[in-house]
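Numbering (the numbering used here), first residue to last: 459 to 1152.
Right, here's the structure in full:
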């Protein structure tokens, strides 16, 4: 083998001329709108799933995410001060309105071909840089490395499950600081496809109905007795715990080990089979929290509201003649004149768009119960303030979008499973790192643009706060001196006790649709799911009675007394027996677009051998119980509006939404067995007041 005679033969080279944007890393053309080179048809299912769920309009272009930038807005801070923001919006997602801070989160299954159609609005120039994704140069969106967009369809394929983000990379110092960015999450390969395949699967979950994150929990670094571990990197955690898959699964049910290139063991519908196991080296999680922490210098907002504040005069060279000390492209001034972008004095602080109240040098907390609207995070239920229950697996994703370094302290132990979009201990970087545990209240340091993923799982309730210190990282502090803390943001973490269990018949077959009533310091009701499981979450300490009920069924025991005392009360199980000659008809009402979850508050009518009305639950399920054998007709009807209340399916409620269904009704014969019907698929017509007719 030689250079002149390579072992694999001659490699044909494509000429660079005319293709600088594809191959050259320092290329500075003017704003333009080129075609995407080597265009591949997109395969991203997320826009279609969002549209089917009513969370966005039908995509303007199939399988394509829309992003427009920038849209300026003055947003009031906690003290009434107006701060200038530059915002992203998606014309296909009405909830984005005139833009959001941060921009709506993008979620993408690993391995699909992603298309992001982007338009530069407001004062140009702009790009979108997909931070950490590593596409071709023209699709990387780095200023002077790719063109500054008029309109352009970015194309890339994500290869790692993890936490990334996207931001404008032109006039970066100003545009990023002013909010022109968004979180970018890569999910397992079967996410979103699973919901298209089975509408009962929650949006964002895989084919097993669980939401997952990449993690290697077989090898965990433990804090040494001397405290030598470095929680911002994992270095020094040389005391390793090596666990088998079974041992990990005892801590994290549903964990899948193996290797990421293992063949897919799926033996079900071929439509959901993948070349390799989509769940290898992943762990399910019950609760997801997204923390995007940021800081703002209000002087920058006051003195440089123009998005071209650093852009050079006409015909000067971008990136060479950029002006960081003058006003909106004007001439340079001395250090005592107009402010300079190298002088950053933050005085406002944010957590995922929520301004944290409090002055410089102080602290403040965001309210409990903050949840990101599903339309702004691709349909998932994602929190900011943490509300969970003992025994649940909680995934916390944290991005430092501030220009200062941050230090994060959790009130409970956490396991760090990833940094910067790469899962620790997962191939191909598994030889160099591993996940590691961080004790409660231990500082975790993060510099600008870094991200980490942490798992929380505790066996006792806690009602406290995670703390984020914003550290002054400007020059001027003496070498070796500790940097001063400018502000401390506090994020509520409430992990409460829970009562849970299952209802089955002899032999272990699950009973779905059993009403479970909890009485005690709080009174609640819930319904068992398809696996017979129920849960009362966030239950305060005290003595409770749990009672199952369903027409035509008897339960052993008839009720249970349970005490919650600083912990969970699992395994509160019941065994049901169906009375002879008493049967059930049940099913589900879903969107005509095939989206999960199903449609709640639908009035469903049973006629024939018995007449009944019920209302679908919050997942679209309905149940007719205590039925004799005979012929029946099941007909879905109007949907009660949220303010109408749900009282036994009362058709005289104040208002409802009219729907059309396919099929419009189903005939069914009950003879010696319960009957589960196929989906009714509903399409919205209009909202009416029944006192005036439909």
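Quick reminder that beta carbons are idealized off the backbone N, C-alpha and C, glycines included. Bear in mind that the values here come from a model prediction, so they are computed numbers and not experimental data.
| If you count every other CB in all the chains shown that lies within 10 Å of the CB of residue 887, and 16 or more means buried, which is it? | exposed
| field | Sequence-distant residues of its chain with Cβ nearer than 6 Å to residue 1133 (five each side left out) | value | 1043, 1126
| query | Between residue 1140 and residue 1047, is the Cβ-Cβ spacing less than 7 Å? | reply | yes
| request: Confirm, please, whether the CB-CB distance from residue 840 to residue 441 is below 7 Å. | output: Look at the range of the chain in this structure, 459 to 1152, and you will see that residue 441 is not part of it.
| task | Please state whether DSSP places residue 642 in a helix, a strand or coil. | result | strand
| message | Tell me which residue opens and which closes the alpha helix (DSSP H) that residue 534 is part of. | response | Careful: residue 534 lies outside any alpha helix (DSSP H), inside the beta strand (DSSP E) at 522 to 534.
| query | Which residues in the same chain as residue 843 place their Cβ atom closer than 7 Å to its Cβ, once the five residues preceding and following it in sequence are excluded? | reply | 824, 825, 826, 827, 828, 949, 950
| task | Below 8 Å on the Cβ atoms is my guess for residue 578 versus residue 584; work out the distance and round it to an integer in Å. | result | 4 Å
| task | Please report how far the alpha carbon of residue 1119 lies from the alpha carbon of residue 504, in whole angstroms. | result | 25 Å
| query | Does the count of Cβ pairs from the stretch 522 to 530 and the stretch 551 to 569 closer than 8 Å reach three? | reply | yes
| said: From the DSSP secondary-structure annotation, give me the bridge partner or partners of residue 1036. | reply: 1011
| Distance, residue 985 Cα to residue 631 Cα | 52 Å
| Length of the line joining the Cα atoms of residue 514 and residue 1021 | 44 Å
| Among 536, 1024, 542, 531, nearest to residue 555 - alpha-carbon criterion | 531
| request: Compare the C-alpha of residue 1117 against each of 997, 876, 1050, 1068 and name the closest. | output: 1050
| residue 924 to residue 814, Cα distance in whole Å? | 13 Å
| residue 1135 by DSSP, collapsed to three states: which one? | coil
| said: With a threshold of 8 Å, are at least 3 pairs of Cβ atoms found where one atom belongs to the stretch 721 to 735 and the other to the stretch 830 to 838? | reply: no
| said: Ignoring anything shorter than 4 residues, give me the alpha helix (DSSP H) runs that lie fully in the stretch 552 to 632, in order along the chain. | reply: 595 to 598
| residue 482 to residue 545 span [Cα, whole Å] | Confidence at residue 482 is low in this model, with a pLDDT of 40, below 50, so the placement of that residue should be treated as unreliable; the coordinate-derived value is given next. The alpha-carbon atoms of residue 482 and residue 545 are separated by roughly 30 Å.
| request: May I ask you to report which of helix, strand or coil DSSP gives residue 729? | output: helix
| Sufficient close CB pairs (3 or more, under 8 Å) joining the stretch 658 to 667 to the stretch 878 to 887 | no
| Buried or exposed: where does residue 1098 fall if 16 or more other Cβ atoms within 10 Å of its Cβ makes it buried? | buried
| said: Suppose the cutoff is 6 Å on Cβ atoms and the five residues either side in sequence are ignored; what does the same chain contact list for residue 1060 look like? | reply: 1047, 1074, 1094, 1097
| query | Are the stretch 531 to 542 and the stretch 668 to 681 touching by the rule of at least three beta carbon pairs closer than 8 Å? | reply | no
| field | Contact under 7 Å by Cβ, residue 846 with residue 956 | value | no
| Is the beta carbon of residue 573 sitting closer than 7 Å to the one on residue 611? | yes
| request: Output yes or no for whether 7 Å exceeds the beta carbon distance between residue 1045 and residue 963. | output: no
| Can you tell which of 492, 1039, 707 has the C-alpha that lies nearest to the C-alpha of residue 613? | 492
| Do you know whose CA, among 571, 499, 623, lies nearest residue 906's CA? | 623
| Between the CA atoms of residue 575 and residue 752 - distance to the nearest angstrom | 26 Å
| task | Just mark residue 858 as buried or exposed, buried being the case when its beta carbon has 16 or more other beta carbons within 10 Å. | result | buried
| task | Please confirm whether residue 929 and residue 895 have their CB atoms less than 7 Å apart. | result | no
| query | Expressed to the nearest angstrom, what Euclidean distance is found between the alpha-carbon atoms of residue 900 and residue 866? | reply | 8 Å
| said: Using 8 Å for Cβ pairs, my map puts residue 762 next to residue 629. What's the rounded Cβ distance? | reply: Between residue 629 and residue 762 the Cβ distance is about 10 Å, and since that is not below 8 Å, they are no contact.
| request: Just mark residue 921 as buried or exposed, buried being the case when its beta carbon has 16 or more other beta carbons within 10 Å. | output: exposed
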